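K.L.:
Protein chains: 2
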Amino acid sequence: MRHRLPPDHYINGILAGDRLLLSRAITLVESRRPDDQALAQLVMEGVLSRSGEAGPRPAASSVRIGITGVPGVGKSTFIEAFGTYLTQLGHHLAVLAVDPTSQRSGGSLLGDKTRMETLSMNPNAYIRPSPAGDSLGGVGHRTRETMLLCEAASFDVILVETVGVGQSETVVHGMVDFFLLLMLAGAGDELQGMKRGIMELADALVITKADGDNIAPANRARMEYQNALHLFPPTGTGWFPPVLTGSALTGAGIATIWQTIQEHQQLTTQNGQRNQRRQAQQLTWFRALLRQQLDSQFYDRPGMQDQLALMEAQVQAGTLLPGQAVKMLFQPSSSGSR
Amino acid sequence: MRHRLPPDHYINGILAGDRLLLSRAITLVESRRPDDQALAQLVMEGVLSRSGEAGPRPAASSVRIGITGVPGVGKSTFIEAFGTYLTQLGHHLAVLAVDPTSQRSGGSLLGDKTRMETLSMNPNAYIRPSPAGDSLGGVGHRTRETMLLCEAASFDVILVETVGVGQSETVVHGMVDFFLLLMLAGAGDELQGMKRGIMELADALVITKADGDNIAPANRARMEYQNALHLFPPTGTGWFPPVLTGSALTGAGIATIWQTIQEHQQLTTQNGQRNQRRQAQQLTWFRALLRQQLDSQFYDRPGMQDQLALMEAQVQAGTLLPGQAVKMLFQPSSSGSR
Chain S
4 MRHRLPPDHY INGILAGDRL LLSRAITLVE SRRPDDQALA QLVMEGVLSR
54 SGEAGPRPAA SSVRIGITGV PGVGKSTFIE AFGTYLTQLG HHLAVLAVDP
104 TSQRSGGSLL GDKTRMETLS MNPNAYIRPS PAGDSLGGVG HRTRETMLLC
154 EAASFDVILV ETVGVGQSET VVHGMVDFFL LLMLAGAGDE LQGMKRGIME
204 LADALVITKA DGDNIAPANR ARMEYQNALH LFPPTGTGWF PPVLTGSALT
254 GAGIATIWQT IQEHQQLTTQ NGQRNQRRQA QQLTWFRALL RQQLDSQFYD
304 RPGMQDQLAL MEAQVQAGTL LPGQAVKMLF QPSSSGSR
Chain A
4 MRHRLPPDHY INGILAGDRL LLSRAITLVE SRRPDDQALA QLVMEGVLSR
54 SGEAGPRPAA SSVRIGITGV PGVGKSTFIE AFGTYLTQLG HHLAVLAVDP
104 TSQRSGGSLL GDKTRMETLS MNPNAYIRPS PAGDSLGGVG HRTRETMLLC
154 EAASFDVILV ETVGVGQSET VVHGMVDFFL LLMLAGAGDE LQGMKRGIME
204 LADALVITKA DGDNIAPANR ARMEYQNALH LFPPTGTGWF PPVLTGSALT
254 GAGIATIWQT IQEHQQLTTQ NGQRNQRRQA QQLTWFRALL RQQLDSQFYD
304 RPGMQDQLAL MEAQVQAGTL LPGQAVKMLF QPSSSGSR
C-alpha cells in the first residue's frame with residue numbers, strides 16, 4: 004500500500020469529490036491492516052460528521068439500488084445501459100460489487116472493468132471492483148462503508164451488484180433502498196443457481212434481453228412472474244413489486260425501470276418506510292458487526308477450531324447432544340483444572 | 004413443580020413408553036430452573052445413549068413432520084383428521100407445538116386441548132401443548148429435545164405445529180424431515196399474515212377445506228400454486244413440492260398427503276438427502292445453542308442492555324457509525340481507566 008495521508012486529507016478530498024482520494028480511502032476501508040483500519044475509521048467518522056449522514060444531505064437524498072441475478076442474466080450489460088441512462092439524466096453514479104464468490108473463483112465480479120467499457124469511461128460514473136477474497140460479512144461491512152464514502156463524494160445513485168447464488172443478495176438487500184432482481188425469460192432451468200427465497204426480496208423484477216426474437220418469451224415470462232408474485236404475501240410497505248422487461252441492446256424498458264424506482268422512492272418516502280428501512284439497516288449492520296466481534300473472540304481462540312470440528316462430527320453423528328457439547332465448551336478445561 | 008425423581012426413573016419410564024414419566028421429563032426439559040435443567044440433561048443423555056439416536060432405531064425410523072399455516076387455515080382440524088388417520092394405520096403419533104406467539108397472546112397454540120377432542124382421547128396419540136412465554140430459540144431448543152424424548156418413547160410420527168406468521172416456521176423447518184404448508188383457497192388477502200419466503204421452505208402445500216362449495220376454488224388454487232412453484236428454483240433434493248388438496252371434514256385427500264410424505268421419505272432415504280438433512284439439523288441446533296450461550300455471556304452483563312439501547316438509538320439516527328459503536332463496547336470502559 005502506498006504512502007498514507009493524514010485523515011483530513013482524505014476527508015477534504017472525498018467531500019470535494021476527488022476520485023483518487025475516494026479510491027484510496029476505499030482501499031483503506033478494505034485493508035485488513037490494523038493501522039489502515041484505524042485510519043479508515045477516522046476518515047469515516049470525519050466524512051460522516053461533515054457529510055451529514057444523520058441530516059438531510061447528501062446520503063438521505065441518494066438512492067441505493069441493489070441489483071442481482073444469476074450469471075448469464077446480463078447484469079453488466081444492463082448496468083452499462085442503465086447507468087449510462089442515469090448519467091444522461093445528470094446523475095452521478097457509483098457502481099459497487101458484493102462478491103463472495105470471488106474467494107472461490109479468485110476473480111472479482113467487476114475486476115474486469117472492460118465488461119463495462121462505456122460506463123468506465125464516463126466522467127459521471129465511478130466503478131469500484133469488489134475486494135477479492137474476503138468473508139461475506141467483511142465484504143458487506145466494507146461495501147456499506149464504501150457506499151457512505153461515495154455518497155459523501157456526491158454520488159447520488161449507488162448501484163450495488165451481486166450474484167444471486169449465495170447469501171450475498173441478502174446482505175445487499177440489507178443495505179439498499181430498492182432491490183432489483185434480473186431474470187431471464189424461459190425460467191426453470193436458468194434458475195438452477197438462484198437461491199430460493201430471493202424472489203421475495205425483490206422490489207421489482209426485470210426480465211432482461213427483451214429484444215428481437217426474445218420479446219415474446221420475455222413478455223410471457225413477465226406475465227408468469229407477475230402472477231406468481233400475486234400469490235406472495237404483501238410486503239407490508241404498500242408497494243407491489245412489478246415485473247418489467249428491459250433490453251440493454253435496444254434500451255427498451257430502461258426509462259420505465261428508473262421511473263419505477265422513483266415511484267417506489269416517492270411512495271416509501273411519503274409513508275415513512277424508506278426512512279424506517281434505512282434505520283433498520285443501520286441497526287442490522289451494527290448487530291452484524293457486534294456479532295462478528297463476539298464470534299471472533301470465541302472462535303479465534305487457540306485450538307478452538309480443532310475442538311469444534313471434533314465436536315461437530317460427534318453432534319452430526321448423533322453421539323453427542325448439542326447441549327452437552329456446549330456445556331463442555333464453556334466448562335473450565337480439564338487441562339487447566341490440575 | 005412436583006417432587007423430582009432420579010434420572011434412571013425417567014429414562015426407564017420413557018423407554019418403556021410411560022406417558023406420565025414422558026410428560027414429567029418434558030416438563031423438566033422446559034423448566035428454566037438450573038437444577039431441573041441439569042436433571043433434564045442427564046435424562047436426555049441417558050435416553051439418547053440407550054434409544055440409539057445414532058443407531059438404526061427408533062429415532063432414525065421415525066418421521067418428523069412440520070405443519071404450518073396462518074391462523075384460520077384449519078390447522079387443528081387438519082391435524083385431528085390426519086392424526087386420527089395415522090393412528091388407524093397403526094402409527095404412534097406425538098403432536099408438539101412451537102409457538103412463539105404465546106408470549107404475546109398469553110395463550111398456547113395447543114393449550115386448549117379441546118381443539119383436538121378426538122385425538123386427545125386417542126390412546127395412540129400424545130398431544131403436548133407448547134410451553135408458554137418463552138423465547139424463540141428456547142422453544143426451538145426444547146421442542147427438539149421433546150421430539151427426541153417422544154421418539155425414545157416409541158412415537159414414530161412426530162407432528163410439529165407452528166403458526167406461519169413469525170420466525171417459528173424456519174425453526175420448525177430446521178427440525179423436521181418434511182415441512183407441510185397449509186393454505187386456503189382464495190389466496191391474496193388470506194395470506195396477509197404469512198411470512199414472505201415460507202412457501203419456498205415447503206416440501207408440499209395442502210389447500211385445506213376442500214369440501215362442498217369450496218372444492219372448485221380449492222382446485223383452482225391448487226393449479227395456481229403449482230404453477231407458481233414451477234417458477235421457483237429446484238430444491239436440489241430431486242423432490243418437486245406438490246400442491247395437494249385436503250378436507251378435514253370429509254377426509255378427502257388425507258391418505259394422499261400421507262402417501263406423498265412417504266414417497267418423499269423413500270426418495271430422500273434412497274438418495275441420502277434425509278440423512279444429510281438430519282445431520283445438518285443437528286449441526287444447526289448445536290451452533291444455535293452455542294450462539295445463544297455466547298450471546299447471553301455478553302448481553303446479560305450488568306448495564307449492557309441500557310448501554311446497547313443508547314448506542315442503537317445513535318446508530319439508527321446515523322450519528323454513530325456501527326464500527327465506532329462496536330469499538331466502544333470492546334474497549335476497556337472509561338470508568339475503569341482511571
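One line per chain: the protein sequences are S and A, in this order.
For what it's worth, this note's numbering labels the leading residue of the first sequence as 4, then goes sequentially.
For what it's worth, this note's numbering labels the leading residue of the second sequence as 4, then goes sequentially.
No residue lacks a Cβ here, since even glycine has one placed at the ideal position from N, Cα and C.
All figures in this text were calculated on a predicted structure; none of them were measured in a lab.
#1: Distance, Cα to Cα, isoleucine 260/A vs glycine 241/A?
#2: Does the beta-carbon of tyrosine 13/A have 16 or more other beta-carbons within 10 angstroms, so that it is buried, or is it exposed?
#3: For the candidate residues Ala213/A, Asp11/A, Arg131/A, Val179/A, whose alpha-carbon lies nearest to that of isoleucine 257/A?
#4: For leucine 183/S, count neighbouring Cβ atoms within 10 angstroms of its own Cβ and tell me buried if that reaches 16, exposed if not.
#5: How many Å lie between threonine 272/S and serine 64/S at the Cα?
#6: Strictly by DSSP, which residues pair up with phenylalanine 181/S?
#7: Under the three-state reduction of DSSP, which class applies to leucine 324/S: helix, strand or coil?
#8: Please go through the same chain and pick out, in chain order, the residues whose beta-carbon is closer than 8 Å to the beta-carbon of glutamine 268/S, but skip the five residues on each side of it.
#9: Consult DSSP for arginine 60/S and reduce its assignment to one of helix, strand or coil.
#10: Cβ closer than 7 Å: which chain A residues qualify as neighbours of leucine 92/S?
#11: How far does the beta strand (DSSP E) with isoleucine 201/S in it reach, from first residue to last?
#12: Between methionine 331/S and arginine 225/S, what straight-line distance do the alpha-carbon atoms span, to the nearest angstrom?
#13: Using a Cβ cut-off of 8 Å (strictly closer), state whether methionine 178/A contacts chain S.
#14: Can you grab the Cα-Cα spacing for the pair proline 37/S / phenylalanine 333/A, in whole Å?
#15: Spatial neighbours of asparagine 222/A within its chain, please: C-beta separation below 7 Å, excluding the five flanking residues on both sides.
#16: Using CA coordinates, which residue listed in Ala188/S, Leu42/S, Ile29/S is at the minimum distance from proline 9/S?
#17: Rounded to whole angstroms, what is the Cα-Cα separation between cysteine 349/S and glycine 177/S?
#18: Out of curiosity, what's the CA-to-CA distance linking aspartate 192/A and valine 160/A?
#19: Beta carbon of leucine 297/A, beta carbon of methionine 47/S: below 8 Å?
#20: Closer than 8 Å, CB to CB, is tyrosine 228/A near chain S or not?
#21: The alpha helix (DSSP H) with threonine 272/S in it runs from where to where?
#22: Determine the burial state of glycine 253/A: buried for a count of at least 16 other Cβ atoms within 10 Å of its Cβ, exposed for fewer.
#23: Quick check on this structure: which residue in Pro245/A, Ala28/A, Ala205/A, Gly93/A has the alpha carbon closest to the alpha carbon of threonine 146/A?
#24: Run the CB neighbour count on asparagine 217/S, radius 10 Å, all protein chains shown included, and call it buried at 16 or more, exposed below.
#25: Given a threshold of 16 other Cβ atoms within 10 Å of its Cβ, counted over all protein chains shown, does methionine 150/S qualify as buried or as exposed?
#26: Look at isoleucine 68/A and alanine 156/A and say whether their C-beta atoms are less than 8 Å apart.
#27: Which residues of the region 310-322 of chain A have a Cβ closer than 8 Å to any Cβ of chain S? Give them in chain order.
#28: Could you check where the alpha helix (DSSP H) with alanine 19/S kicks off and where it finishes?
#29: What's the gap between the Cα of arginine 7/A and the Cα of tyrosine 228/A?
#30: From what residue to what residue does the beta strand (DSSP E) around valine 175/S run?
#31: Specify the secondary structure class of glutamine 195/S as computed by DSSP and reduced to three states.
#32: Which partner residues of leucine 2/S appear in the DSSP bridge assignment?
#33: Please classify tyrosine 302/A as buried or exposed, where buried requires at least 16 neighbouring CB atoms within 10 angstroms.
#34: Residue range of the alpha helix (DSSP H) that leucine 89/A falls in?
#35: Go ahead and label aspartate 137/A buried or exposed: buried means 16 or more other beta carbons lie within 10 angstroms of its beta carbon, across all protein chains shown.
#36: Apply the 10 Å Cβ neighbour rule to arginine 35/A and answer buried if 16 or more other Cβ atoms are within range, or exposed otherwise.
P.N.:
Straight from the coordinates:
#1: Stepping through the second sequence from its first residue, residue 260/A is reached at position 257. Stepping through the second sequence from its first residue, residue 241/A is reached at position 238. Near 18 Å, if we compare the C-alpha coordinates of glycine 241/A and isoleucine 260/A.
#2: In the second sequence, counting from the first residue as 1, residue 13/A sits at position 10. Result: buried.
#3: Mapped onto the second sequence, residue 257/A falls at position 254. Comparing Cα positions, the closest option is Ala213/A.
#4: To locate residue 183/S, count along the first sequence from 1; it is residue 180. Flag for leucine 183/S reads buried.
#5: The count along the first sequence starts at 1 and reaches residue 272/S at position 269. The count along the first sequence starts at 1 and reaches residue 64/S at position 61. Cα to Cα, the separation comes out at about 10 Å.
#6: Stepping through the first sequence from its first residue, residue 181/S is reached at position 178. Answer is Ile68/S.
#7: As a first step, residue 324/S is located in the first sequence; it is residue number 321 there, counting from the start. Three-state DSSP puts leucine 324/S in coil, outside helix and strand.
#8: Here residue 268/S is taken as the residue at index 265 of the first sequence, counted from 1. Answer for glutamine 268/S: Val66, Asp180, Phe181, Arg277, listed in chain order.
#9: Looking up residue 60/S in the first sequence gives position 57. With a pLDDT of 46 at arginine 60/S, under the threshold of 50, the predicted position of this residue should be treated as unreliable, though the coordinate-derived value follows. Correct three-state label for arginine 60/S: coil.
#10: Here residue 92/S is taken as the residue at index 89 of the first sequence, counted from 1. Going along chain A, no residue has its Cβ under 7 Å from leucine 92/S, so there is no contact; the nearest lies around 27 Å.
#11: Counted from its first residue, the first sequence places residue 201/S at position 198. Run containing isoleucine 201/S: none; DSSP gives neither H nor E here.
#12: Within the first sequence, residue 331/S is the residue found at index 328, counting from 1. Within the first sequence, residue 225/S is the residue found at index 222, counting from 1. Distance between the alpha carbons of methionine 331/S and arginine 225/S: 54 Å.
#13: Along the second sequence, read from residue 1 onward, the residue named residue 178/A stands at position 175. No - not a single Cβ of chain S is within 8 Å of the one on methionine 178/A.
#14: As a first step, residue 37/S is located in the first sequence; it is residue number 34 there, counting from the start. As a first step, residue 333/A is located in the second sequence; it is residue number 330 there, counting from the start. So the alpha carbons of these two residues sit roughly 15 Å apart.
#15: Taking the second sequence and counting its residues from 1, the one referred to as residue 222/A is at position 219. Cβ within range, chain order: Thr248.
#16: One-based indexing of the first sequence puts residue 9/S at position 6. Ranking the options by Cα distance to proline 9/S, first place goes to Leu42/S.
#17: Residue 349/S lies beyond the stretch modelled for chain S, which goes from 4 to 341, so this question has no answer here.
#18: Against the second sequence, residue 192/A aligns to sequence position 189. Against the second sequence, residue 160/A aligns to sequence position 157. Bear in mind that a pLDDT of 44 at aspartate 192/A, under 50, signals an unreliable position, so the model cannot answer this.
#19: Here residue 297/A corresponds to residue number 294 of the second sequence, with the count starting at 1. Here residue 47/S corresponds to residue number 44 of the first sequence, with the count starting at 1. In this structure, methionine 47/S does not lie closer than 8 Å to leucine 297/A by Cβ.
#20: Against the second sequence, residue 228/A aligns to sequence position 225. At least one chain S Cβ lies under 8 Å of tyrosine 228/A.
#21: Mapped onto the first sequence, residue 272/S falls at position 269. 257-273 is the span of the alpha helix (DSSP H), which, as asked, contains threonine 272/S.
#22: Start at 1 with the first residue of the second sequence, and residue 253/A comes out as number 250. Note on identity: in this sequence residue 253/A is threonine, with glycine being the wrong assignment. Per the 10 Å Cβ criterion, exposed.
#23: Reading the second sequence from its first residue, position 143 is the one you call residue 146/A. Of Pro245/A, Ala28/A, Ala205/A, Gly93/A, the residue nearest in Cα terms is Ala28/A.
#24: Along the first sequence, one-based indexing puts residue 217/S at 214. Result: buried.
#25: Taking the first residue of the first sequence as position 1, residue 150/S is located at position 147. Classification of methionine 150/S: buried, given that the 10 Å Cβ count is 16 or more.
#26: As a working note, residue 68/A is residue 65 in the second sequence. As a working note, residue 156/A is residue 153 in the second sequence. No, the pair does not count as a contact, with Cβ atoms beyond the cut-off.
#27: Met314, Glu315, Val318, Gln319, Ala320, Gly321, Thr322
#28: Position 16 of the first sequence holds residue 19/S. Counting along the chain, alanine 19/S falls outside any alpha helix (DSSP H), and DSSP gives it neither H nor E.
#29: For this step, residue 7/A is matched to residue 4 along the second sequence. For this step, residue 228/A is matched to residue 225 along the second sequence. Roughly 51 Å separates the two Cα atoms.
#30: Against the first sequence, residue 175/S aligns to sequence position 172. Premise fails: valine 175/S lies in the alpha helix (DSSP H), 171-176, not in any beta strand (DSSP E).
#31: For the purposes of this step, residue 195/S is identified with residue 192 of the first sequence, where counting begins at 1. Reliability of the predicted coordinates at glutamine 195/S is poor, the pLDDT of 43 falling under 50, and the value obtained from them is presented with this limitation in mind. The answer is helix: DSSP assigns glutamine 195/S an H, G or I state.
#32: With chain S represented from 4 up to 341, any question about residue 2/S goes unanswered, as that position is not in the structure.
#33: As a position in the second sequence, residue 302/A is number 299, starting the count at 1. Label assigned to tyrosine 302/A: exposed.
#34: If you number the second sequence from 1, residue 89/A lands on position 86. Run containing leucine 89/A: 78-91, per the alpha helix (DSSP H) assignment.
#35: Position 134 of the second sequence, counted from the start, is the residue given in the question as residue 137/A. Note that aspartate 137/A scores 49 on pLDDT, short of 50, meaning its location in the model is unreliable; the coordinates nonetheless yield the value given after this. Counting Cβ neighbours within 10 Å, aspartate 137/A comes out buried, since at least 16 surround it.
#36: On the second sequence, position 32 is the one that residue 35/A refers to. Burial call: exposed.
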